[in-house]
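Working notes for the structure below.
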């Protein structure tokens, strides 16, 4: 048990090494010990695929209970979890979200074992919280809007709708507890979100950038910022998939509003449940767009399920066609990803050990190293493996100013880092910046000669995969 606790503490670097994800290193450490695999190999066990497929099957069987439940499961799975070739905290949280939806639905509708269902739902909520804070926001906003809608149904029916009364009471109790959990511990909210600039102007600019990136995929937002481009066949599939996932849900919602006195008058509690599931996408989209980011993760993951169910409830035969089309698009998406994704090149074991040994000998906690986010994760992983720690140095992320300086394009060179680590093997890939922006910079490939000829930097280490540069001590 002592070794297990030690491994859990030391291998925090397997993920990002921050306290927003305390469950991830524990899970991977336990799997590593139980299987006898190295911690790096444990990352590639298909945990997410297994949990994601199981969660989807459980959820679709509850609401569809036909052969089309399997087809819908496979269509969503191929578009999302099937593409996870290694462990990612957020993706595991997304997989667990389906189980959370299942237990929350059962908690609202079942009359027996409500205490057990409530406990399981809360445990899933806490687990989601520590694997993916944005997914926690989805779950919380879903519970919040469903509570409001059930309460409105209760008022409209003058407390005569027994199912609505029970659902309102149950969801309200769960909502209060989830809000307390959300506020009690939330590093992402307190340490990042509250200090970020948020505003309508940023939201409008983000939407403008999205439109610009669609019309001109190779454009840049700033001098070195990079917009990831998508091959045209894959882009067409993505657009069709999201349109087919979104439009039926909007159509059914509009149909209910126009054809009935009030959507809440429906006797089917399930309709309110799935209508509530639509709202987290709006919350997620507005929040991230106001931060300058464009995300459609919730739309991709949940809306195929929403549209398929709402169509099934009103136009059952149409839902079958939609599910089949989603399945076809999921297959094409999976195949196109395999075709167009060149794959991030991994360095050899011995070469990686040499790099980490060099950094161990030549750096300390006060040294700062500029590198891309992928390379940072790689170095932390190997530090945990070789030296049972990850906090060897300070990680410096790319900015436009730093990028210009390492290329020698700034007249007044100024380096605010001690070392520059370049992943030469992957210099054709865009340089990724980590949280909170998750933006990209142009690949170094076309500018590599400028870097090597920069008089302000001295190359002090070189292998086939890595190079380390040190700023000159002379005031340039």
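Numbering (our numbering), first residue to last: 295 to 770.
For glycine and all other residues, C-beta sits at the position ideal for the given N, C-alpha and C.
None of the values given here were measured: they were computed from a predicted structure.
Check, Outcome
"Leaving aside the five residues before and after residue 630 along the sequence, list all residues of the same chain whose C-beta is less than 8 Å from its C-beta, in chain order.", "525, 527, 528, 531"
"On the DSSP bridge list, what partners appear for residue 716?", "761"
"Just to confirm before moving on: does the CB-CB distance between residue 763 and residue 725 stay below 8 Å?", "no"
"With DSSP as the reference, please indicate the residues paired to residue 663 in a beta bridge.", "689, 713"
"For a test of the three-state rule: what should DSSP assign to residue 751, helix, strand or coil?", "strand"
"Among 431, 332, 741, 618, which residue has its Cα nearest to the Cα of residue 579?", "431"
"Classify residue 436 as helix, strand or coil using the three-state DSSP reduction.", "helix"
"Quick one: what's residue 735 bridged to in DSSP?", "519, 725"
"Judging by CA-CA distance, which residue of 380, 330, 324 is the nearest neighbour of residue 341?", "380"
"Look at residue 563 and residue 461 and say whether their C-beta atoms are less than 8 Å apart.", "yes"
"Exposed or buried, residue 633, counting other C-beta atoms within 10 Å across all chains shown (16 or more means buried)?", "exposed"
"May I have a chain-ordered list of the beta strand (DSSP E) segments no shorter than 3 residues that lie completely inside the segment 558-621?", "none"
"Starting from residue 419, trace the alpha helix (DSSP H) in both directions and tell me its first and last residue.", "408-425"
"Count the other C-beta atoms from every protein chain shown that fall within 10 angstroms of the C-beta of residue 746, then say buried if there are 16 or more, exposed otherwise.", "exposed"
"Hey, could you find the ends of the alpha helix (DSSP H) residue 405 is sitting in?", "Where residue 405 is concerned, there is no enclosing alpha helix (DSSP H), given that its DSSP letter is neither H nor E."
"Is the segment 364-382 close to the segment 326-335, with three or more CB pairs under 8 Å?", "no"
"Between residue 544 and the rest of its own chain, which residues show a CB-CB distance below 7 Å, the 5 nearest in sequence each way excluded?", "none"
"Bridge partners for residue 756 per DSSP, in chain order?", "761"
"Around the Cβ of residue 756, are there at least 16 other Cβ atoms within 10 angstroms (buried) or fewer (exposed)?", "exposed"
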